[in-house]
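The numbering of the sequence shown is full-length UniProt numbering, which starts it at 1 and goes up by one.
Remarks on the structure that follows.
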Amino acid sequence: MAGLCEGGNEPPGSLKASYNVVENWPDPSKKLGQLSAVSFDADGNVVVFHRGDRVWDSNTFLTNNVYNQRGLGPIVQPTIVVFNASSGLVVQEWGTNIFYLPHGLTVDANNNVWVTDVALHQVFKFPPGGGTSPGKPLLTLGVAFVPGNDDGHFCKPTAVAVMSNGDFFVSDGYCNSRIMKYSMNGKLLMHFLHITRLCLGNPLLNENLPPYEFYVPHALALAEDKEMLCVADRENGRIQCFNCHNGSFIIQFRSLKMGSRLFSVAYSSAQGGLLYVVNGPEIFGGGFVSGFIISLSEKQLLGSFIPNEHGFSNPHDVAVSSDGSQVYVVELNPYKVWKFVNGLNFSKLQIVEMPLESSPASTIATVIGIVVGIMVVVAIVIFAAVMKMRKRGGSFVLGTDDLEYSQLVE
């Protein structure tokens, strides 16, 4: 089953919701690096994961996905910061000299902290607050600095989602494009089938992609009251949702309004179940970057949220309170945590659901225009690369790995 929610091609900001930005939150005196993840703990505090003085760029990894900056050592700044949700003041911070390139973070119902490090290619479970000896995890999966695609290795894992019974999911991630489910003790229970697929920059071009195909499963959201796990299938521009017990496919969501790159998804049980999604800049530039609210009961876009009239710049993760009253978005650049409050008083929208097979003339024209633009860009890139290789000597092959390192390093 698929949901394709459309309301024309106007900017997504035209979808209204009554979320308001809280200015000067968190404490402006707290300096942060690239922000990769945000979550709530069991006490209602806001927990963020940031990269300190590290920046992920085209030199960070070798072409075999091995981390290229190991000599810098672990990040010396505290990478996990806990903020009071009301005041924005720092409650606690830890994570010094542990991580090399933070990515995903979630806090379970017992305040255990689960994180992924894409440089280490590992997943960790830490006790609340990092424990009495911060840096000693309760559980470690993967082999440090060794990427792989078997049951004992990850390759740039992106996120973790933890069920109430202790079982958990890992999205793995940038290279393997698979979802893996583990028991509370770290025993592999199952994994979702995967085929990496190159996105061409428009969700309608991917309308025939079957379930279980991922191209950078980037974030996870559990809706246990609906027995559902939802995945931000980033470069395929869609949210895929599966049964969290047996992995069977339930539904997917994609929309021209949301664009072709969806970076994160979060869940609130309010109003029959809501998904909160943030997109990102289009891979060839442009696009309006925003947050979106999807109703699971109505299978429609209800609204959007943005910090200002220009939208976000590079949002990487989103978290929402269970009642939907608070939403937090973290960005890679600028190094910013956005807080939104109130919300849920949505305007009545005239939203038309387009069946997957529909292809109105305007949509065809849009797709043709995008394809032509892509072909021009690719031709220029190939020409430049060939000329560069001629100067160095050697041959030139264009593959998806080239795109991985030039564009998919966020």
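Glycine included, each C-beta is placed from N, C-alpha and C at the ideal position.
The C-beta distance from Arg51 to Gln34 rounds to 4 Å, short enough to fall under 8 Å.
DSSP, read as helix, strand or coil, puts Leu72 in helix. Segment contact: the stretch 312-324 against the stretch 296-303, fewer than three CB-CB distances shorter than 8 Å; contact not assigned. One Cα belongs to Ser268, the other to Val123, and the distance between them is close to 25 Å. Secondary-structure assignment with DSSP links His50 through a beta bridge to Leu35.
Residue environment for Thr79: buried (at least 16 other C-beta atoms within 10 angstroms of its C-beta).
In the three-state reduction of the DSSP assignment, Lys299 falls in the coil class, being assigned neither a helical nor a strand state.
Taking all protein chains shown into account, Val216 has 16 or more neighbouring C-beta atoms within 10 Å of its C-beta and is therefore buried. In this structure, Phe168 and Trp114 form a Cβ contact; the two beta carbons are roughly 7 Å apart against a cut-off of 8 Å. Secondary structure note for Asp151: it is in no beta strand (DSSP E), with a DSSP letter that is neither H nor E. When the beta-carbon positions are compared, Leu220 and Ile250 stay at least 9 Å from each other.
By the Cβ test, the stretch 320-335 is in contact with the stretch 256-272, since at least three Cβ pairs between them sit closer than 8 Å. If the five residues before and after Val21 are omitted, its C-beta is found closer than 8 Å to the C-beta atoms of Pro307, Asn308, Trp338, Lys339 and Phe340, all from its own chain and listed in chain order. Under the three-state reduction of DSSP output, Arg178 falls in the strand class. Counting along the chain, the unbroken beta strand (DSSP E) around Tyr276 starts and ends at Leu274 to Asn279. In this structure, the CA atom of Pro26 is about 43 Å from the CA atom of Asn208. If you look at Met228, you'll find it in the beta strand (DSSP E) that goes Met228 to Asp233. The bridge partners DSSP lists for His191 are Met180. Under DSSP, Val265 shares a beta bridge with Val277. Within the same chain, Cβ atoms closer than 7 Å to the Cβ of Gly88 are found at Trp25, Pro26 and Asp27, the five residues on either side in sequence being excluded. Under DSSP, Glu93 takes part in a beta bridge, and its partners are Val81. Residue burial is scored here from C-beta neighbours: Glu331 has at least 16 other C-beta atoms within 10 angstroms and is therefore classed as buried. Around the Cβ of Asn236, a 10 Å sphere holds 16 or more other Cβ atoms; the residue is buried. Per DSSP, the beta bridge partners of Cys241 are Cys230 and Ile251.
Looking at Gly272, Val162 and Cys244, the one whose alpha-carbon comes closest to that of Asn110 is Val162.
Using a 10 angstroms sphere on the CB of Lys31, the tally of other CB atoms stays under 16, which defines it as exposed. Distance from the CA of Met228 to the CA of Asn176, rounded to the nearest whole angstrom, comes to 22 Å. In this chain, the beta strand (DSSP E) harbouring Gln122 covers Gln122 to Phe126.
Met190 counts as exposed, since fewer than 16 other beta carbons sit within 10 angstroms of its beta carbon.
In this structure, Gly303 lies near Phe292, with their beta-carbon atoms less than 9 Å apart.
By the neighbour-count criterion, in which a residue is buried when 16 or more other Cβ atoms sit within 10 angstroms of its Cβ, Lys187 is exposed. Ranked by Cα distance from Gly71, the first of Tyr174, Ser58, Gly343 and Arg54 is Arg54. Per DSSP, the unbroken beta strand (DSSP E) holding Pro157 starts and ends at Pro157 to Val162.
Look at Glu331 here: in three-state DSSP terms it is strand.
Excluding the 5 residues flanking it on each side, Val82 has same chain C-beta neighbours closer than 6 Å at Asn45, Val47, Val91 and Gln92, in chain order. A straight line joining the alpha-carbon of Val160 with that of Thr106 spans about 6 Å.
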